[in-house]
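Okay, so here's the structure we're looking at.
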Amino acid sequence: MGKDVVSSEGKIEELGSVELEGRKIDFDILGMAVLGREDQILVRDDIGVVKAVVFAHDAGKKFTWINPPKPKYKKIMEKKMRELLKKRWE
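Under our numbering, residues 4 to 93 are what the sequence shown spells out, in order.
Below you can see the structure in the form of structure tokens.
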């Protein structure tokens with residue numbers, strides 16, 4: 004994960020990561036910005052730059068992307084986020 008950042012809503016927590024074509028992609032979750040079961044996830048590249056924001060509804064059953072990646076990467080990322088969110092909500 005990049006540096007810990009504190010927003011006006013709360014602290015950003017590391018959710019997990021996945022490796023795509025030799026590059027590590029981190030998933031960070033906005034800790035206190037969670038309303039009900041909608042998680043806000045930052046997708047960061049290997050140097051910590053935010054590449055996308057994802058809203059995960061009902062522990063990853065549905066995703067809404069802002070600036071989505073290519074479809075083949077999106078599918079891989081969604082699968083990994085589902086696994087990580089499932090663990091988080093258990």
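Quick reminder that beta carbons are idealized off the backbone N, C-alpha and C, glycines included.
Predicted, not measured: the structure shown is a model, and the values here were computed from it.
Could you tell me the distance, in whole angstroms, from the CA atom of residue i to the CA atom of residue j?
i	j	result
Val37	Phe30	Residue confidence is low: Val37 scores 48 on pLDDT, short of 50, so the model does not pin down where it sits. Its coordinate-derived value is still stated next. Their Cα atoms are separated by approximately 15 angstroms.
Arg26	Lys73	15 angstroms
Lys90	Asp49	23 angstroms
Tyr46	Glu86	This sequence places Val at residue 46; Tyr is not what is there. Cα to Cα, the separation comes out at about 15 angstroms.
Glu81	Pro71	11 angstroms
Determine the DSSP secondary structure at residue i, reduced to helix, strand or coil.
i	result
Lys64	coil
Lys73	coil
Glu86	helix
Ile28	strand
Glu93	coil
Ile50	coil
Gln17	Correcting the residue type first, residue 17 is Glu in the shown sequence and not Gln. Strand at Glu17.
Ile79	helix
Determine, using beta carbons only, whether residue i and residue j come nearer to each other than 8 angstroms.
i	j	result
Lys83	Val21	yes
Leu88	Ala62	yes
Asp42	Ile28	no
How many whole angstroms separate the CB atoms of residue i and residue j, which I take to be in contact at a CB cut-off of 8 angstroms?
i	j	result
Ile44	Ala59	6 angstroms
Leu23	Tyr76	6 angstroms
Val52	Trp68	With a Cβ gap of about 16 angstroms, Val52 and Trp68 do not count as contacting.
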